[in-house]
Amino acid sequence: MRSTVSYRTLAGDVRLEVASAKIDSHDLPYSRISREQQTVALHEVERARWDEARFEVRVTLPEREIAEGPWEDVVCVAVLAEGATNARSVTRLAPTQQGAWTGRVHMARAMHRNRAVLTASVVATVGGVPGRVIGGTERPWYLDLAARDPRRERELNIIEVDFRDGPEQWLRPFKEAPWLVDATGDMPTVRLNTAFEGVIDLLNGSGSPVEKAMRDVVAAQIAEEAWTAMFHSAVTDLDFDEDGTPRLPSGWRGAVLRSMLPEVVPAASLESALHEVHKRRNDGQSWSEMQASIQYAAARRSKVAKGLRDAVRVLDRVDEGARR
Amino acid sequence: MSRADTCLPEQLALLPGPIVSRYLSEGVRSGADEPPRVALIRESKPLADTGVRWATAPVRGLLDEAMRRFADRRTRADAWLAPRLHATIRMTRAEAAEPELWAYLAMVVAPDYVVWRHKGAVGKDGGSPSATGDRFLGPHYKQAFARLWWAAEMFRDGEDYRPAEVACSNQDMVNTTLRLSVVDHRPTARALVRVLESLTAAETSLLGDKVNALSSAVNAAGCTLMYEVLAPDEPLHLDGLMGWIRDAEWSASVPWDRLPEGPDDGPVPQQSVDRLTSYFEELLQAAPVRQRKGAEGSGPQGGVSLAKLGE
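The listed protein sequences derive, respectively, from chains A and B. Under this note's numbering, think of the first position of the first sequence as 5, with each following residue one higher. Under this note's numbering, think of the first position of the second sequence as 13, with each following residue one higher.
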């Protein structure tokens, strides 16, 4: 909880846990719920169409602090939200004797698209003002509609598709490309071309040290292109305040900028870095000079240098072996 | 009528972002060139679902009527079109959150509408005036059709579209308030429209600036107050929504001179709206109203300031 507000907030931790989940009337296997990753994977091949998921949630609060503090009418709620569908629903939880708050959160399939965020908030009357947020979970749970494994990291969507003869006509002109990075949608996507012989095998394969080194280099190159494309997409789609100040975008675009901007433009704050990038991009001055820093920031994130270094070493060894 | 009627595909489809970028030239954005419809159709992807609700002809008809009715006051088209577009392309939020669907509508079905509605008054650097790229492919509060569908969705009161019509008659509500996540709570959205209604009825001066001040104040207060606890909403009756969507198969096309009926997913609880309305009115009293440049033009009749005429 931020401490910048004018009333007293909770210092102790608020912890949310998804105890179990159901899709329509079927129990979701426990392997789909990861406590460590705080993620639930809802995609099931055998049940592509469903109407509602239900989650049994349990929230623990710093009970002693609450009992001794100045707060009245304390309630705990679970908040289910997804930016893509502007969906937000709040469920009141009930206190149990064991000092936890529990309840059932309903998630309608029709209201969600990709990945919903589940958090808990503690609300109370403070100094006569009702409805004050006095605490909440630090780290949200993700309820992922597209994932089969409960993994938190999901920066990139990776799809294998046939560019030449596949269903997506628009990929045909790119049939000679091994992959294509697209950062225009609500999730950045890398499409791997199954019509390009060997690329999928290479990326999936482990095999010999040489194959492994090649795989790492290619994977790093794809990742670098993706980071670069994401950065450009994020600075292109900026929104502005009334006085023309660029605003940090939401979703993955904001996350990419937050991560890369400090390296691209060393500035006092994220806001001034954003302002600088926007200015240079708009009037074109030193915009091309900035490309080197963008590329470097992207490469660092993609571990290009490490992949290349390892590859060179492996190739050196192979080379030596051949000479001997 | 125009080339719009020739070879218009029967059903809506999905147009991938990279394709939009490839064909979204300056000429297309200014209306000088038509996007290559045949190529765009070839490169689009069909929807997973078929049905009357995805038919292009009713949407095209609506857009032609909007351009006819509002020929000389295009920003007014928003209030008329938003509920009717929402009741014509009947879908869930999961379906509406698909940028490729809106891109198809903008590039294939009605690029002329996007240019007509969003072309600026003057061009950049002496060029011809044009619509910005995000009106064709962009976030839900920018894209030419998504912004209207979502405004109708966020500001309606169950099956009653009147609050949405009021919201869309004010450009600041559609351009600024719609993007704030506070309106994801139905009683908050409804109460904001109530305050707008009383401001409009009182013929308040600088209406646009007041709406922006109100939105900022409500949004800022929402960081420390949980409106959902102060003024709870009822769970949505999704059966009502799904039934309304299914009814698209046999429903007549939307009326032009009276409001259509929206999905009956339950009214917004009155008590919650009342509570927030009086709270928001207090907030507005205390809020600093920042006057924009050229704000003399933002009279009570629609709240369109000079600065925004080009949008």
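Using N, Cα and C, we set each Cβ at its ideal position, and we do this for glycine too.
Could you tell me which chain A residues have their CB closer than 7 Å to the CB of residue i, listed as they occur along the chain?
i               : result
proline 272/B   : Here the premise fails: no neighbours, minimum Cβ distance about 20 Å.
isoleucine 31/B : Trp174
Give the residues of chain B in contact with residue i, contact being defined as C-beta atoms less than 7 Å apart.
i            : result
valine 121/A : Here the premise fails: no neighbours, minimum Cβ distance about 12 Å.
valine 194/A : Near valine 194/A there are no residues of chain B at all, since even the closest Cβ is about 13 Å away, more than 7 Å.
In angstroms with no decimal places, state the Cα-to-Cα distance between residue i and residue j.
i               : j               : result
proline 47/B    : serine 228/B    : 39 Å
valine 18/A     : glycine 140/A   : 6 Å
valine 121/A    : tyrosine 146/A  : 5 Å
alanine 78/B    : alanine 89/B    : 6 Å
alanine 25/B    : proline 154/A   : 31 Å
leucine 52/B    : proline 58/B    : 12 Å
glutamine 299/A : glutamate 180/A : 24 Å
glycine 209/A   : aspartate 166/A : 19 Å
leucine 295/B   : leucine 204/B   : 11 Å
histidine 282/A : alanine 230/A   : 20 Å
threonine 289/B : alanine 243/B   : 10 Å
glutamine 23/B  : alanine 67/B    : 5 Å
glycine 107/A   : valine 127/A    : 16 Å
leucine 211/B   : leucine 219/B   : 7 Å
valine 222/A    : tyrosine 173/B  : 53 Å
alanine 224/A   : leucine 20/A    : 36 Å
serine 284/B    : valine 241/B    : 10 Å
serine 140/B    : proline 275/B   : 42 Å
arginine 36/A   : proline 66/A    : 29 Å
Taking C-beta pairs closer than 9 Å, name the residues in chain B that residue i reaches, listed in chain order.
i             : result
proline 134/A : Leu237, Val241 and Leu242
arginine 92/A : Ser193, Asp196, His197 and Glu240
valine 9/A    : Cys235 and Thr236
Could you tell me how far apart the beta carbons of residue i and residue j are, in whole angstroms, since I believe they sit closer than 8 Å?
i                   : j                : result
phenylalanine 235/A : valine 269/A     : The pair is not a contact, with the Cβ atoms about 12 Å apart (cut-off 8 Å).
alanine 94/B        : alanine 176/B    : 6 Å
leucine 206/A       : arginine 195/A   : No, leucine 206/A and arginine 195/A are not in contact; Cβ-Cβ is about 16 Å, not under 8 Å.
isoleucine 101/B    : tryptophan 161/B : 7 Å
arginine 251/A      : aspartate 241/A  : The pair is not a contact, with the Cβ atoms about 11 Å apart (cut-off 8 Å).
glutamate 69/A      : glycine 103/A    : Not quite, the Cβ-Cβ distance comes to about 12 Å (not below 8 Å), so this is no contact.
alanine 85/A        : threonine 95/A   : About 12 Å separates the two Cβ atoms, so there is no contact after all.
Could you pull out every residue in the same chain whose Cβ sits closer than 7 Å to the Cβ of residue i, ignoring the five residues on either side in sequence?
i               : result
leucine 321/B   : Note that leucine 321/B scores a pLDDT of 30, beneath 50, so its modelled location is shaky; the value from the coordinates is reported in the next line. Within the same chain, leucine 321/B has close Cβ partners Ala133.
aspartate 146/B : Lys154 and Gln155
alanine 143/B   : Arg41, Val126, Val127, His130 and Lys131
alanine 163/B   : Ala94, Ala176, Ala179, Cys180, Val186 and Leu190
aspartate 169/B : Pro175, Arg202, Pro279 and Val280
proline 177/A   : none
arginine 152/A  : Ala45 and His47
valine 78/A     : Ile70, Val126 and Ala128
Enumerate in chain order the residues of its own chain whose CB-to-CB distance from residue i is below 6 Å, with the five nearest sequence positions on each side excluded.
i                   : result
glutamate 228/A     : Ala302, Ala303, Ser306 and Val308
aspartate 186/A     : Thr193
arginine 119/A      : Tyr146 and Asp148
phenylalanine 239/B : Reading the sequence as shown, one finds tyrosine at residue 239/B and not phenylalanine. The answer, listed in chain order, is His197 and Thr200.
glutamate 261/B     : Val64
Is there a Cβ from chain A that is less than 7 Å from the Cβ of residue i?
i                : result
glutamate 55/B   : yes
methionine 185/B : no
proline 28/B     : yes
leucine 93/B     : no
threonine 104/B  : yes
alanine 109/B    : yes
For residue i, go through chain B and note every residue whose CB falls closer than 8 Å to its CB, in chain order.
i             : result
serine 125/A  : Met238
alanine 112/A : Leu248 and Leu250
valine 79/A   : Val241
Near residue i, what residues of its chain come up, given a Cβ to Cβ distance below 8 Å and the 5 sequence neighbours on each side ignored?
i               : result
proline 266/A   : Leu274 and Ala277
serine 14/B     : Residue placement at serine 14/B is flagged as unreliable, the pLDDT there being 46, under the threshold of 50; a coordinate-derived value is accordingly withheld.
alanine 296/A   : none
histidine 249/B : Asp276, Asp277 and Gly278
Using a C-beta to C-beta distance shorter than 9 Å, which residues of chain A count as neighbours of residue i?
i                : result
leucine 149/B    : Thr188
tryptophan 162/B : Asn90
Quick one: which chain A residues come within Cβ less than 8 Å of residue i?
i                : result
proline 267/B    : Residues of chain A passing the Cβ test: none, with the nearest at roughly 26 Å.
leucine 253/B    : Ala114
methionine 166/B : Asn90
Give a yes or no on whether 7 Å exceeds the smallest Cβ distance from residue i to chain B.
i                : result
alanine 88/A     : yes
arginine 53/A    : no
arginine 117/A   : yes
valine 18/A      : no
valine 44/A      : no
methionine 218/A : no
valine 109/A     : no
valine 137/A     : yes
Please report whether the beta-carbon of residue i lies at a distance below 7 Å from any beta-carbon of chain D.
i           : result
valine 63/A : The structure shown contains no chain D; its protein chains are A and B.
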